[in-house]
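If you count by the working numbering, then the sequence shown holds residues 16 to 71, one letter each, in order. Note that the Cβ used here is the ideal one computed from N, Cα and C, for glycine as well. Keep in mind it's a predicted model, so treat the numbers as computed, not measured. Down below is the structure, laid out as structure tokens.
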Amino acid sequence: MSQDRLIRIQSSASKHILITRKNKKKVERKIEVTKYDPIARKRAVYKEIKWKGKGG
């Protein structure tokens, strides 16, 4: 069974959220990546955030 888990990452430039995967065995820290933010129309740092509500 895969050790990948779905995570949410949020842009620092706006409130845009992406859903991606993280391998829990290999990556123990919170993810921080640079990606294109379509709302801000520029590259921004996306940081891992907690799931809200049910199921996460």
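Y51 burial status per 10 Å Cβ neighbour count (16 or more: buried): That one is exposed.
Top-ranked residue by Cα proximity to S29, from K62, K37, G68 and W66: Ranking K62, K37, G68 and W66 by Cα distance to S29 puts K62 first.
Exposed or buried, which one is S27 when buried takes at least 16 other CB atoms within 10 Å? With a threshold of 16 other beta carbon atoms within 10 Å, S27 falls short and is exposed.
Nearest-angstrom Cα distance between K32 and K41? In the sequence as displayed, the identity of residue 32 is Ile instead of Lys. So the alpha carbons of these two residues sit roughly 23 angstroms apart.
On a Cα-Cα basis, can you pick out the residue from Q18, N38 and K45 that is closest to I24? By alpha-carbon distance to I24, the top candidate from Q18, N38 and K45 is K45.
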